[in-house]
Amino acid sequence: MIGIKNLNNITSRRLISSSKFLLQKKTNTATTPAFTWVDFFAVKKQERRVNVISGVLTGFISSNIAFAYAANVEIDPTQTIFGVDPSIVIVGGCMTAGILGYLIGPAFGRPFFKFVNRNVLKQYNEKTKIFLEHVKKYRVDASSQSLNNPPPDYYGEKIGSLKEYKTWLRDSNAYRFNNGDL
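Numbering (my numbering), first residue to last: 11 to 192.
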């Protein structure tokens, strides 16, 4: 009997120690490093860069496709298109295709950004929501703007760091003070 009690005692100790180990493992994986505001602004800058680069690439590709199409179209140089020389219309069409491609670019850049930053995307979206609420709360009323007293960045698009955010807050308060909104 004594041997069985010792065996049960050893087994229960092993179960307790293994459950403690499993609990420690779970708590270690559950605690992820905090997503700070510095990290948020770094990821925001990365998102902006990805969107600009994708816009430039799609603009370049679409203007080249438009040029390739226009280069193969037979045009009578004696006929005008909308009262304008055909070569000007072709150049205008290529430029328009490039501009439209640039505007469509972020539609391709955003999924790429989401894929690359899928680990922090949830935290980034939460911080973005908080950031935009702060911008809404502290932005100025731009209805009384003038050339001598332009309002600061209304949507907070140019804010790229904590230092720039503090500067934006100071500028917003100065604008309110100059307009007598305080």
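Don't be surprised by glycine CBs; every beta carbon is placed ideally from N, CA and C. Values in this document were obtained by computation on a predicted structure and should not be read as measured data.
Distance from Y164 to R149 at the Cβ level is roughly 6 Å; contact confirmed, criterion being Cβ atoms closer than 8 Å. The C-alpha of V62 lies about 22 Å from the C-alpha of K132. Taking one beta carbon from each stretch, the stretch 44-62 and the stretch 117-125 have 3 or more pairs nearer than 8 Å; the two touch. Proximity of the stretch 97-115 to the stretch 63-77 meets the contact definition, three or more beta-carbon pairs being nearer than 8 Å. For V150, the secondary structure class from DSSP, reduced to helix, strand or coil, is coil.
The three-state secondary structure of I91, taken from DSSP, is strand. Counted as a single uninterrupted DSSP element, the alpha helix (DSSP H) harbouring Q56 occupies residues 47-82. For the pair of segments examined, the stretch 47-55 was found not to touch the stretch 94-113: the number of CB pairs separated by less than 8 Å stays below three. Contact check for F45 against K146 fails: the beta carbons are separated by 8 Å or more.
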